[in-house]
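S.K.:
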Amino acid sequence: MKMKYTICLFVALLSFYSCVDDNGSYDYLQSPSVKITFDEYLYDGVIEEETVIEPNLEFVKGDNAADYTYEWSLNGQIVSTDQVLTYIPHEVATYYILYSVISKATGIRVMKNLQMSVKSPYKTGWAILSEKEGKSLLTQVRDDNQYIDYLDIYKTQNGEELGEHPYKLIEHYYSNTGSDSEILVINHDAKGALELSGNTMKKVLYTTQEFTEGVPNDFVVKNVANLLYTDVLLTTNGEIYLRQVPNQKKAGFHSAPYSSVPAHFNKGMKIAKLVPGNYSKTLHTLMYDEKNHRLLCLNSIYNDYSGDIHEVSLSGLEDKTLLYVSAYYPSDWSCKYMLLLKDGNGKYSVKTFAIDVDYGSVYVSDETDYSFPGETYLTERSKFECSRDYSGSYLFFTGGASNDAIYYYENSTEKITPFTTCNSEITDIQLNYGSTTLGVGMKDGFVVYDVDESVIVSGEVKKLHEVNNIGEVVDVIYRYGSPSKMYR
Numbered sequence: 014m015k016m017k018y019t020i021c022l023f024v025a026l027l028s029f030y031s032c033v034d035d036n037g038s039y040d041y042l043q044s045p046s047v048k049i050t051f052d053e054y055l056y057d058g059v060i061e062e063e064t065v066i067e068p069n070l071e072f073v074k075g076d077n078a079a080d081y082t083y084e085w086s087l088n089g090q091i092v093s094t095d096q097v098l099t100y101i102p103h104e105v106a107t108y109y110i111l112y113s114v115i116s117k118a119t120g121i122r123v124m125k126n127l128q129m130s131v132k133s134p135y136k137t138g139w140a141i142l143s144e145k146e147g148k149s150l151l152t153q154v155r156d157d158n159q160y161i162d163y164l165d166i167y168k169t170q171n172g173e174e175l176g177e178h179p180y181k182l183i184e185h186y187y188s189n190t191g192s193d194s195e196i197l198v199i200n201h202d203a204k205g206a207l208e209l210s211g212n213t214m215k216k217v218l219y220t221t222q223e224f225t226e227g228v229p230n231d232f233v234v235k236n237v238a239n240l241l242y243t244d245v246l247l248t249t250n251g252e253i254y255l256r257q258v259p260n261q262k263k264a265g266f267h268s269a270p271y272s273s274v275p276a277h278f279n280k281g282m283k284i285a286k287l288v289p290g291n292y293s294k295t296l297h298t299l300m301y302d303e304k305n306h307r308l309l310c311l312n313s314i315y316n317d318y319s320g321d322i323h324e325v326s327l328s329g330l331e332d333k334t335l336l337y338v339s340a341y342y343p344s345d346w347s348c349k350y351m352l353l354l355k356d357g358n359g360k361y362s363v364k365t366f367a368i369d370v371d372y373g374s375v376y377v378s379d380e381t382d383y384s385f386p387g388e389t390y391l392t393e394r395s396k397f398e399c400s401r402d403y404s405g406s407y408l409f410f411t412g413g414a415s416n417d418a419i420y421y422y423e424n425s426t427e428k429i430t431p432f433t434t435c436n437s438e439i440t441d442i443q444l445n446y447g448s449t450t451l452g453v454g455m456k457d458g459f460v461v462y463d464v465d466e467s468v469i470v471s472g473e474v475k476k477l478h479e480v481n482n483i484g485e486v487v488d489v490i491y492r493y494g495s496p497s498k499m500y501r
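Residues are numbered in this note's numbering as their position in the sequence shown, beginning at 1, plus a constant of 13.
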């Protein structure tokens, strides 16, 4: 009986495959009556801006668009029944889109999948803090596909003034795996520094609300460095306050308070400069202690080993004034730095070096000194910005009697070359990701110059964009869009 059953099963399978291999014509195996294609699979969208997605439809059998109905489903919700989608997204999200073309005659539905990634209009580009008519003003210049200006965006989004006495901007990340950020606006007014959502520019909180044991006396924020497991806040009186973040990937931006007691270190310290590095890579920040003329390094390697301070063994700082210090070319657990120094005789020099951090240790390597013939160029108002490439090839700086001229210094030749002269006094300069454009803040506006290597070599000056009617620029930062791109 079992053998008979096996033979019957074999015959049935043979018959089935014979049918499959048959090349005959079967009317019930019909092709779709419309073919759907798109120019892209992944479309970009921007919050509160209209996105248009147009399908390419190829009809067969003499049909046309009027013979069909249409549906656009975004994340399971039908949002349009038009042939072409016109949609305004209201939040940062990835939308999974199902587009359906439905025959009126037969009801047969032909579908196609695609996606739309929606980002904030403020995600990347130039953030500009300025003072106009006695008020703080925040402007964002988007630069991804074209230059778009968003003027006075805080008042637009919050219905109130940003504050007074603007001082500084800082982009704040909290996870090395995400790209959401907040913007810390430092005002030196009664309310002080405040954080904004990086996506919407809506107010989140004031820094004074982040001390659960009371705000320190004479508390005025000067700078902040956000590390993977530690936030370091510098005040105008040279004290630093620390916040330990135990699980930064889950905790969020404001999951822990700042200590109300300032940090201490051997010999005491008065921090004049705080040097943020790449949030997700360097895992440390440098601090210049002007009381003892030394550099200090604060580690943030792991959540159980963060906030430890070490003195950096670097020569030649004792009798010199530190004019400028910046991070460039960050790597995992390490970073390169550039210093601009002035000695007692008025001579300038540049020093570059690398720092690597480990448990309980800070290692200095590749320490190199260069001459800097800046005596005839620099003033007390000069601003500086070094390129982020492997060798920190260019140091852009401002000078001249009116501080309206831009120059660049090459450490490979130890020479200074004039770049251009602006329309008014320069108040800040900043490079973008890749160091290909230079944002210049002035007393009467903002301008972007092309400083790509090919442009520098040619000697050509290319003005790419200009923003007026924003008052006197106080600070400019470039928003990288991702923590991994910081200072690159």
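Just so you know, even glycine gets a beta-carbon here, dropped at the ideal spot from N, CA and C.
Going by C-alpha to C-alpha distance, which of V217, N305, S272 sits closest to D244?
M.R.: Nearest of V217, N305, S272 to D244, Cα basis: S272.
S.K.: Counting pairs of beta carbons, one from the segment 197-208 and one from the segment 172-181, are three or more of them closer than 8 Å?
M.R.: Flag = yes, the segment 197-208 and the segment 172-181 touch.
S.K.: Could you tell me the alpha carbon to alpha carbon distance between S339 and I60, rounded to whole angstroms?
M.R.: For S339 and I60, the distance between alpha carbons rounds to 34 Å.
S.K.: Going by beta carbon distance, what residues of the same chain come within less than 6 Å of L287, once the five residues before and after it are set aside?
M.R.: Hits under 6 Å: N236, A238, L247, M300.
S.K.: Got a sec, what are the start and stop residues for the beta strand (DSSP E) Q153 sits in?
M.R.: Looking at the DSSP string, the run of the beta strand (DSSP E) that includes Q153 is 148-155.
S.K.: Report the CB separation of L296 from L240 in whole angstroms; it is logged as a contact under 8 Å.
M.R.: The pair is a contact, with the Cβ atoms about 7 Å apart (cut-off 8 Å).
S.K.: May I ask you to list the residues that DSSP assigns as paired with V551?
M.R.: The structure shown does not extend to residue 551, since the chain is modelled only from 14 to 501, so the question has no answer here.
S.K.: Return the first residue and the last residue of the beta strand (DSSP E) that T434 is part of.
M.R.: Run containing T434: 428-434, per the beta strand (DSSP E) assignment.
S.K.: Return the chain-ordered list of same chain residues with a C-beta closer than 8 Å to the C-beta of V325, the five sequence neighbours on each side being excluded.
M.R.: Here the set comprises L299, R307, L308, L309, C310, I368, V375, V377.
S.K.: Go through its chain and collect everything with a Cβ distance to D488's Cβ below 6 Å, but skip five positions before and after it.
M.R.: Contacts found: L142, K181, L182, D441.
S.K.: State the DSSP-derived secondary structure class of S339, mapped to helix, strand or coil.
M.R.: Of the three classes helix, strand and coil, the one that applies to S339 here is strand, per DSSP.
S.K.: By a C-beta neighbour count over all protein chains shown, 10 Å radius and 16 as the cutoff for buried, is R492 buried or exposed?
M.R.: The residue is buried, with at least 16 neighbouring Cβ atoms inside 10 Å.
S.K.: Comparing C-alpha positions only, which one of N358, Y361, S347, L127 sits nearest to Y112?
M.R.: When only C-alpha atoms are compared, the closest one is L127.
S.K.: Taking 7 Å as the limit between beta carbons, can you name the residues of its chain near E63, skipping five residues before and five after?
M.R.: So the qualifying residues of the chain are T99, I101.
S.K.: Kindly list the residues whose CB is nearer than 6 Å to the CB of I161, restricted to its own chain and excluding five residues on each side of it in sequence; keep chain order.
M.R.: Cβ neighbours of I161 beyond the five flanking positions: R155.
S.K.: If I measure Cβ to Cβ from D457 and keep anything under 6 Å in the same chain, skipping five residues before and after, which residues do I get?
M.R.: The residues are S437.
S.K.: Note down the Cα distance separating A118 from S86, rounded to an integer number of angstroms.
M.R.: So the two alpha carbons sit approximately 22 Å from each other.
S.K.: List the residues that DSSP assigns as beta-bridge partners of G458.
M.R.: For G458, which the question treats as bridged, DSSP gives the partners M455.
S.K.: Please classify Y372 as buried or exposed, where buried requires at least 16 other C-beta atoms within 10 Å of its C-beta.
M.R.: Counting Cβ neighbours within 10 Å, Y372 comes out exposed, since fewer than 16 surround it.
S.K.: Using beta-carbon positions only, say whether G530 and A285 come within less than 8 Å of one another.
M.R.: In this structure the chain extends from 14 to 501, so residue 530 is not present and cannot be described.
S.K.: If I follow the unbroken alpha helix (DSSP H) through E252, where does it start and stop?
M.R.: Run containing E252: none; DSSP gives neither H nor E here.
S.K.: Do you know whose CA, among G58, N230, Y167, lies nearest V274's CA?
M.R.: Nearest C-alpha to V274: N230.
S.K.: Just checking my contact of K475 with V460 at CB under 8 Å: how many whole Å lie between their CB atoms?
M.R.: 11 Å between Cβ atoms; not a contact.
S.K.: Can you list, in chain order, the residues of its chain whose CB lies under 8 Å from that of D40, leaving out five sequence neighbours each side?
M.R.: Because D40 sits at a pLDDT of 31, beneath the cut-off of 50, its placement in the model cannot be relied upon, and the following sentence gives the value as read from the coordinates. Here the set comprises nothing.
S.K.: For K349, which residues does DSSP report across the bridge?
M.R.: DSSP, once it has assigned bridges, lists Y341, A367 as partnering K349.
S.K.: Beta-carbon within less than 7 Å of S82's beta-carbon, same chain only, minus the 5 sequence neighbours each way: which residues are those?
M.R.: The residue you asked about is not Ser; residue 82 is Thr in the sequence shown. Closer than 7 Å at the Cβ level, and outside the excluded window around T82, lie T94, I115, K117.
S.K.: Using a threshold of 8 Å, state whether the C-beta atoms of S400 and L336 are closer than that.
M.R.: Their beta carbons are not under 8 Å apart, which means S400 does not touch L336 by this criterion.
S.K.: Among residues of its own chain, excluding the 5 on either side of T411, which ones have a beta-carbon nearer than 7 Å to its beta-carbon?
M.R.: These residues qualify, in order along the chain: S395, K396, A418, I419, I439, I442.
S.K.: What do you get for E104, buried or exposed, if any count of 16 or more other CB atoms within 10 angstroms of its CB means buried?
M.R.: Label assigned to E104: exposed.
S.K.: What residue range is occupied by the uninterrupted alpha helix (DSSP H) comprising Q96?
M.R.: Counting along the chain, Q96 falls outside any alpha helix (DSSP H), and DSSP gives it neither H nor E.
S.K.: If the criterion is Cβ atoms closer than 8 Å, does the pair H267 and E223 meet it?
M.R.: Cβ distance < 8 Å, so H267 and E223 count as in contact.
S.K.: Which value, in whole angstroms, describes the spacing of the CA atoms of V363 and E226?
M.R.: Their backbone Cα atoms lie some 43 Å apart in a straight line.
S.K.: Keeping to the same chain, check which residues put their C-beta closer than 7 Å to that of Q257; ignore five residues upstream and five downstream.
M.R.: Within the same chain, Q257 has close Cβ partners Y242, T243, A269, S319, G320.
S.K.: What is the rounded straight-line gap between the Cα of N416 and the Cα of P68?
M.R.: Their backbone Cα atoms lie some 54 Å apart in a straight line.
S.K.: Where does S133 sit, in a helix, a strand or coil, going by DSSP?
M.R.: Note: S133 maps to coil in three-state DSSP.
S.K.: With distances taken Cα to Cα, identify the nearest neighbour of K216 among T249, Y187, E173, C348.
M.R.: K216 has its Cα closest to that of E173, out of T249, Y187, E173, C348.
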